[in-house]
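**Student:** One structure coming up, written as structure tokens, with questions to follow.
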Amino acid sequence: MVEEAGEFRSPGPLADRLDRLFDRIRKPDGSAYSLREVADAITAQGESISHTYIGQLRTGKKRDPNLSHLRALAKFFGVPVEYFTSDRLAADVDKELDLAAALQQVRARTVALRNSVIPEAQSAIDALTELLGVIRVLEQGRPDADDGA
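If you read the sequence shown in numbering that gives the first Met the number 0, its first letter stands for residue 0, the second for the next number, and so on.
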């Protein structure tokens, strides 16, 4: 799945890749999509597919889907269809999905923390967050020391 010491490892078969999509791509509330929800959404877009069939692809019981099903699954999960066929692209997408999942966890923890702190502390946190944003903007406009400034 990743490169280690210059060595590339495959992200695995279709079932593994599809399972990773279900695991990492979540609904806005953070819960996982069900097989039925995915099938219903894809069918609503004009491609007939059953939740049973998606489950069989996900577990490896079915291994040779047609291209239209792969396209529909890729579209639903927001990945290129080549995610299912290209080891290198799948590894790159998996890295992006891992990063997105980590960011989502940080956001969820931040919301939980904000909800648990006292109002006075929340005001201080908000002020510091705003200050950090201003600092980031100023740093982006600052010339690098390497430019001879």
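A virtual CB, placed ideally from N, CA and C, is assigned to each residue, including glycine. From a predicted model like this one, the values you see are computed outputs, not experimental measurements.
In the structure shown, what three-state DSSP assignment does R151 receive?
**Tutor:** Since the first residue shown for the chain is 0 and the last is 148, residue 151 is missing from the structure and cannot be characterised.
**Student:** Helix, strand or coil for R35 per DSSP?
**Tutor:** Here residue 35 is taken as the residue at index 36 of the sequence shown, counted from 1. R35 falls in the helix class under three-state DSSP.
**Student:** Pick out whichever of Q121, R16, G140, R25 has its Cα sitting closest to the Cα of A101.
**Tutor:** Stepping through the sequence shown from its first residue, residue 101 is reached at position 102. The shortest C-alpha separation from A101 is found at R25.
**Student:** What separation, rounded to the nearest whole angstrom, lies between the Cα atoms of L137 and L112?
**Tutor:** Within the sequence shown, the letter at position 138 stands for residue 137. Within the sequence shown, the letter at position 113 stands for residue 112. Their backbone Cα atoms lie some 28 Å apart in a straight line.
**Student:** Leaving out the 5 sequence neighbours to the left and right, which residues in its chain are closer than 6 Å to A38 when beta-carbon positions are compared?
**Tutor:** Looking up residue 38 in the sequence shown gives position 39. Hits under 6 Å: I48, S49, H50, I53.
**Student:** Taking only three categories from DSSP, how would you classify K94?
**Tutor:** Reading the sequence shown from its first residue, position 95 is the one you call residue 94. Of the three classes helix, strand and coil, the one that applies to K94 here is helix, per DSSP.
**Student:** Can you tell me the Cα-Cα spacing of V80 and Q121, whole angstroms?
**Tutor:** As a first step, residue 80 is located in the sequence shown; it is residue number 81 there, counting from the start. As a first step, residue 121 is located in the sequence shown; it is residue number 122 there, counting from the start. If I take the Cα positions, the gap works out to 44 Å.
**Student:** Are the CB atoms of Q139 and G29 within a distance shorter than 8 Å?
**Tutor:** For the purposes of this step, residue 29 is identified with residue 30 of the sequence shown, where counting begins at 1. For the purposes of this step, residue 139 is identified with residue 140 of the sequence shown, where counting begins at 1. Not in contact: G29 and Q139 (Cβ atoms no closer than 8 Å).
**Student:** Since F83 contacts I41 with CB under 8 Å, what's their CB separation in whole angstroms?
**Tutor:** Position 84 of the sequence shown, counted from the start, is the residue given in the question as residue 83. Position 42 of the sequence shown, counted from the start, is the residue given in the question as residue 41. With a Cβ gap of about 14 Å, F83 and I41 do not count as contacting.
**Student:** With C-beta atoms as the reference, is E46 less than 8 Å away from A73?
**Tutor:** As a working note, residue 46 is residue 47 in the sequence shown. As a working note, residue 73 is residue 74 in the sequence shown. For E46 and A73, no; Cβs fall outside 8 Å.
**Student:** Buried or exposed: A89, going by 16 or more other Cβ atoms within 10 Å of its Cβ?
**Tutor:** Here the question's residue 89 lines up with position 90 in the sequence shown. By the 10 Å Cβ count, A89 comes out buried.
**Student:** Below 6 Å CB to CB, which residues in the same chain sit around G59 once its five sequence neighbours on both sides are set aside?
**Tutor:** As a first step, residue 59 is located in the sequence shown; it is residue number 60 there, counting from the start. Once the five neighbours on either side are set aside, the close Cβ partners of G59 are A14.
**Student:** In this structure, what does DSSP give as the bridge partners for R113?
**Tutor:** Position 114 of the sequence shown holds residue 113. None; R113 has no bridge partner.
**Student:** Look up R57 in the DSSP assignment and say whether it is helix, strand or coil.
**Tutor:** What you label residue 57 is simply residue 58 of the sequence shown in a count that begins at 1. Reduced to three states, the DSSP call for R57 is helix.
**Student:** Roughly how many angstroms lie between the CA atoms of R62 and T109, to the nearest whole one?
**Tutor:** What you label residue 62 is simply residue 63 of the sequence shown in a count that begins at 1. What you label residue 109 is simply residue 110 of the sequence shown in a count that begins at 1. Rounded to the nearest angstrom, the two C-alpha atoms are 40 Å apart.
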